[in-house]
Structure formats: structure tokens, C-alpha cells
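Presented below is the structure to which this report refers.
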Amino acid sequence: MKHLIRIALPVLVLPTLAVLPMFASAQLTGNVALTSNYKFRGQDQDMLGRNDYAKTSGFKPAIQGGLDYAFGESGFYVGNWNSSVNWLKGNSLESDFYGGYKFKAGPLDLDVGALTYVYPGNSSGNTTELYGSAGYTNEAIGSFTLKYSHTVSKDYFGYAGNKAGSGLKGTNTGYLNLAYSKEIVPKLTLKAAVGYTNMSSDIRSLGYKSYVDYNVGASYDLGNGLSLAGSVQGANKKSAYTAVSNPGVDFGFGTFGQATYSPNKARLIVTLTKTL
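Written out as C-alpha cells, the structure is:
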């Protein structure tokens, strides 16, 4: 845990301190969070354990935080979000940079933009996507948001191995997500989401399958910008995404005791968030 804090403090705290005087403007908002396990699209983002074998624990804490800036009432915005991670050798940070435009079309809240995921210590994971979403809110039934993200970079989180010279591409991998939320009692909000990752043909040729992820839980508003959320997150196609967690023993005529772990395994995740 101390290692995570040492990594994350320069990224999360220093930029925030630098812009504190600007928080008086409603255009700038920020957030800091501590989570028991960071999953992205249903997959664990903390995987490397002793000797680079996969971690099997459900408790893999991460520190996260970001800033968003809206350009007045124009609808344009930019932002940055960061998290401690541990799935790429030599890298311990994910830093996302994005910008877009929000506008209304009748009852729909629309949003289009671009987002790039940067892994400073190992650029093989770097990925860029274009996205678009449509949201609809009804006081009686809740809020729905449908979002599609389309990969335009040569790789998709390193799956194609393009940076290493595989000649394969993750371009055109797509992700479709439907999210729902509804305040069921004062301060308690039910949240659920389901997503589908359609891997590029090059990535599928390596044995990775397109898969469905899910996120079901609730959040409670503790007041003063503080909220506590709990959810079950995971994904299917576990057998297509595995890593060795225990190498076992090789007797020369076979390996015994080898074990694997899938980052798609369902986990109960608790997150405490402070909105600035």
C-alpha cells in the first residue's frame, strides 16, 4: 500500500495543489479515489506479482484521481485521469488524456471526443480511441447512457503486440457500453452497466476472444463530496484471458501443480471517492 501511495502522490496531489486557486471557478472539477481493485472493462489492472506471476487476490488497491475543465457554456471540455496499475513490466501508472464536446439534441445528452491512455514506463500499452455517447434521463425510471469507443491506435492495450514488431494491429477494436443509474432512496443510487469488447481480427487471431463485461452495484452519498460505492465487476470468456499464477514443478516428464488466473474473474469492489 505504501508503494502505491509513493507512486500516486506526485501524479494526483501535485497537479491538484497547482490548480487549487482555480477551483473557485465552476469550470474546473476534480476527484480523488481509493479502490479495493481497479478493473477496466471487466479486467484486473493489477496483475504482476512475485517473479511476474499473476496475482490471485481479490484485494488489489489502487489510488486514482483526475481533473476536468469545461470551457464555459460552449460544451467543450478537456480532462486528465490517473490510476496506479501493475500489468505492464516497468510501468506503474495509467494516465488518460481526453477532450470532447457535449451538447443536447432534444431529450438526449450527447458527447463526442477522443481519449488516449498513456503508460509512461512502458508505451506498448498506449491506446487511443474516439468515442460518442447518448444519455437519457427520466425522473421516474432513471438515467441511461449508451457509449461506443473505437480504437484508432495501432494497438489495443498491447494485445496485438504491435510495438514489439508483431505486424498485427488492434485498430478497429470497438467497445459498446450501456450504463444505468437510479436513486432508489435518498442518497443511495443503484448502478449497473454491461459492455461488449469486439477485438480486432488480428487480436482474435492470437486466441483472444471478444467478450462481455458487467458492473452491478450501488453508491451512497456521504455528503461534502464524499461517496462510497460497492459493486460486483467481471467478464465472461475467462479461459481466453489467463496468466500463470503458480508455475508448479517440472519433473522433466511433465509439469505438476501449475495454476492460472483470469483477470476477468468477478470481484466485489469497494471505492471511496472525494469530489473536489
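When we follow the working numbering, the leftmost residue of the sequence shown carries the number 58, and every step to the right adds one. Think of the CB as a built atom: it goes at the ideal place given N, C-alpha and C, for glycine as much as any other residue. In this text, all values refer to a predicted model and were calculated from it rather than measured experimentally.
> Would DSSP call residue 274 helix, strand or coil?
Replying inline: Strand.
> Would you report the Cα separation of residue 303 and residue 127, rounded to the nearest angstrom?
Replying inline: Cα to Cα, residue 303 sits roughly 48 Å from residue 127.
> When DSSP labels each residue in this structure, what does residue 226 get in the three-state scheme?
Replying inline: Look at residue 226 here: in three-state DSSP terms it is coil, with no helix or strand label.
>> Below 8 Å on the Cβ atoms is my contact criterion, and I expect residue 307 with residue 291 to pass it. Report the Cβ-Cβ distance as a whole number of Å.
In response: Contact between residue 307 and residue 291 is absent: CB atoms are separated by about 32 Å, not below the 8 Å threshold.
>> Please give the ranges of any beta strand (DSSP E) in the region 165-230, keeping only runs that are unbroken, at least 3 residues long and fully inside the region.
In response: When DSSP assignments are scanned along the region 165-230, the uninterrupted stretches of beta strand (DSSP E) that are 3 or more residues long and fall wholly within it turn out to be 165-175, 184-195 and 199-208.
>> Tell me the DSSP secondary structure of residue 140 in three-state form.
In response: The DSSP-derived three-state label of residue 140 is strand.
> Any idea which residues DSSP pairs residue 331 with across the strands?
Replying inline: Residue 331 is bridged by DSSP to 89 and 283.
>> Would you call the region 122-136 in contact with the region 311-323, where contact means no fewer than 3 C-beta pairs closer than 8 Å?
In response: At 8 Å Cβ cutoff, the stretches do not touch.
> Excluding five sequence neighbours on each side, which residues of the same chain lie with their C-beta closer than 6 Å to the C-beta of residue 147?
Replying inline: Excluding positions up to five away in sequence, the list reads 178 and 179.
> Cβ of residue 127 versus every heavy atom of the ligand PLP: is any distance shorter than 7 Å?
Replying inline: Absence of the ligand PLP is noted for the structure shown, with no ligands found whatsoever.
> Does the region 273-285 come within contact of the region 252-265, defined as at least 3 CB pairs closer than 8 Å?
Replying inline: No: fewer than three Cβ pairs fall under 8 Å.
> Just how far apart, CA to CA, sit residue 328 and residue 285?
Replying inline: Taken atom to atom, the span from the alpha-carbon of residue 328 to that of residue 285 is near 6 Å.
> Is DSSP giving residue 108 helix, strand or coil here?
Replying inline: It is helical.
>> Tell me which residues share the same chain as residue 129 and place their Cβ nearer than 7 Å to its Cβ, disregarding the 5 neighbours each side in the sequence.
In response: Only 84 meet the Cβ criterion.
> By Cβ distance below 7 Å, which residues in the same chain neighbour residue 245 in space, the five residues on each side in sequence not counted?
Replying inline: Hits under 7 Å: 275 and 277.
> Residues in its own chain within less than 6 Å of residue 116 by CB, not counting five upstream and five downstream?
Replying inline: By the criterion of a C-beta distance shorter than 6 Å, residue 116 is surrounded in its chain by 93, once the five residues flanking it on both sides are discounted.
> Which of the three DSSP states, helix, strand or coil, is assigned to residue 263?
Replying inline: Three-state DSSP puts residue 263 in coil, outside helix and strand.
> Is it the case that the Cβ atoms of residue 326 and residue 288 are separated by a distance below 8 Å?
Replying inline: Inclusion of residue 326 and residue 288 in the CB contact set at 8 Å is warranted, their separation being smaller than that value.
> Alpha carbon to alpha carbon, what distance is there between residue 265 and residue 297?
Replying inline: Using only the alpha carbons, I get a separation of about 5 Å.
> Span of the beta strand (DSSP E) holding residue 151?
Replying inline: 150-162 is the span of the beta strand (DSSP E), which, as asked, contains residue 151.
> In its own chain, which residues sit with a C-beta less than 7 Å from the C-beta of residue 241, not counting the 5 before and 5 after it?
Replying inline: Here the set comprises 247.
>> Between 88, 91, 87 and 99, which has its C-alpha nearest residue 232's C-alpha?
In response: Ranking 88, 91, 87 and 99 by Cα distance to residue 232 puts 99 first.
> So residue 203 packs on residue 235, CB below 8 Å; how close in whole Å?
Replying inline: Taking the Cβ atoms as the reference, residue 203 lies roughly 5 Å from residue 235, within the contact range of under 8 Å.
> Under a three-way DSSP split, which group does residue 297 fall into?
Replying inline: Assigned with DSSP and collapsed to three states, residue 297 falls in helix.
> With 16 as the cutoff for other CB atoms within 10 Å, does residue 324 come out buried or exposed?
Replying inline: Result: buried.
> How long is the line joining the alpha carbons of residue 162 and residue 134, rounded to whole angstroms?
Replying inline: Here the alpha carbon of residue 162 sits roughly 18 Å from the alpha carbon of residue 134.
>> Beta-carbon within less than 7 Å of residue 82's beta-carbon, same chain only, minus the 5 sequence neighbours each way: which residues are those?
In response: Bear in mind that a pLDDT of 48 at residue 82, under 50, signals an unreliable position, so the number given afterwards is only what the model happens to contain. Hits under 7 Å: none found.
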